[in-house]
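A.B. asks: Dropping the structure in here first, questions after.
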Amino acid sequence: MTRAWSPGLPRSQYVFAECAMFPIGKDKLSFREISDYWSREIQPPATRLELLGLLESAWWLGEIRADSAMSRLQLLQDMFKSMHDRDDLGIVFVQGEDGGSPAITDLPDGCVVVDVRRRVNVPSGDATSWDEGACEIAFRTLAETSSIERYPEITPGLAFIELTHDEFDDWRRKRGYPKPSFLEASCRIRRARQTESTGRKTASYH
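Laid out in structure tokens, this is it:
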């Protein structure tokens, strides 16, 4: 819905009213928010969860740094420490040269059990000794997985990683995605606010 701007209404409020369905006046948006808004307009169509997975992948690959409680190295170390001996996840950590073929177990009846979990190769069993360079294979593997499908307890933390509008805009441009309308609206809000702020500062000098 479009409404006329009047001198009594700050222009930033007017612009925000045009897109009130999006809380995009914030300086940063979380992966959860971006994937939600983006899924409403991206073509070809993609679900919110698919776009969340896309942002997760970009973060694991280091394409976006974002504002997160942990770096990707710290999260990998934390995951290894808490998950390396679990068998209820869709990933399994393997060390050093043990990152080859999936484990196969022969059963007494002649059948075999194949471990189809995604194998995440880490440098060693001492996570404190890792650095980002040594963990590139692990990062690439995690970028090819979905946290919701493979390690869902990590999903909330990833979903609330925040991106500035500029960082998201730069990343989507490098990936070749068209600029979404919610980002366009956000830019208008920010410009309007900057104009108002400049106007108030100028007025205070007179």
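Letter 145 of the sequence shown, counting from 1, is numbered 161 in this note's numbering, and no numbers are missing.
No residue lacks a Cβ here, since even glycine has one placed at the ideal position from N, Cα and C.
So which of 63, 157, 100 has the shortest CA-CA distance to residue 88?
C.D. replies: Here residue 88 corresponds to residue number 72 of the sequence shown, with the count starting at 1. If we check each option's Cα against that of residue 88, 157 comes out closest.
A.B. asks: Quick one: what does DSSP say residue 179 is sitting in, helix, strand or coil?
C.D. replies: Along the sequence shown, read from residue 1 onward, the residue named residue 179 stands at position 163. The answer is strand: DSSP assigns residue 179 an E or B state.
A.B. asks: Give me the DSSP bridge partner(s) of residue 45.
C.D. replies: Here residue 45 is taken as the residue at index 29 of the sequence shown, counted from 1. Note: residue 45 sits in a beta bridge opposite 179.
A.B. asks: Quick check on residue 83: does DSSP put it in helix, strand or coil?
C.D. replies: In the sequence shown, counting from the first residue as 1, residue 83 sits at position 67. Looking at residue 83 - three-state DSSP - the assignment turns out to be strand.
A.B. asks: May I ask which residues mark the beginning and end of the beta strand (DSSP E) holding residue 111?
C.D. replies: Mapped onto the sequence shown, residue 111 falls at position 95. Counting along the chain, the beta strand (DSSP E) containing residue 111 begins and ends at 107–111.
A.B. asks: Measuring straight from C-alpha to C-alpha, what distance separates residue 190 and residue 132?
C.D. replies: In the sequence shown, the residue the question calls residue 190 occupies position 174. In the sequence shown, the residue the question calls residue 132 occupies position 116. For residue 190 and residue 132, the distance between alpha carbons rounds to 34 Å.
A.B. asks: Tell me which same chain residues have a C-beta within less than 8 Å of the C-beta of residue 106, skipping the five on either side of it?
C.D. replies: Residue numbering aside, residue 106 sits at position 90 when the sequence shown is read from its first letter. Here the set comprises 133, 134, 161, 165, 166, 167.
A.B. asks: Measure the CB-CB distance between residue 53 and residue 196 and report whether it falls below 9 Å.
C.D. replies: Along the sequence shown, one-based indexing puts residue 53 at 37. Along the sequence shown, one-based indexing puts residue 196 at 180. Yes, the pair counts as a contact, with Cβ atoms nearer than the cut-off.
A.B. asks: Measuring alpha carbon to alpha carbon, tell me which residue in 172, 143, 79 is nearest residue 97.
C.D. replies: Your numbering for residue 97 matches position 81 in the sequence shown. It is 143 whose Cα lies nearest to the Cα of residue 97.
A.B. asks: Quick check on residue 152: buried or exposed, where buried means 16 or more other Cβ atoms within 10 Å of its Cβ?
C.D. replies: Taking the sequence shown and counting its residues from 1, the one referred to as residue 152 is at position 136. By the 10 Å Cβ count, residue 152 comes out exposed.
A.B. asks: Is residue 134 helix, strand or coil by DSSP?
C.D. replies: Here residue 134 refers to the residue found at position 118 when the sequence shown is read from its first residue. Strand at residue 134.
A.B. asks: Would you tell me roughly how many angstroms separate the C-alpha atoms of residue 179 and residue 55, rounded to the nearest one?
C.D. replies: To locate residue 179, count along the sequence shown from 1; it is residue 163. To locate residue 55, count along the sequence shown from 1; it is residue 39. Roughly 17 Å between the two C-alpha positions.
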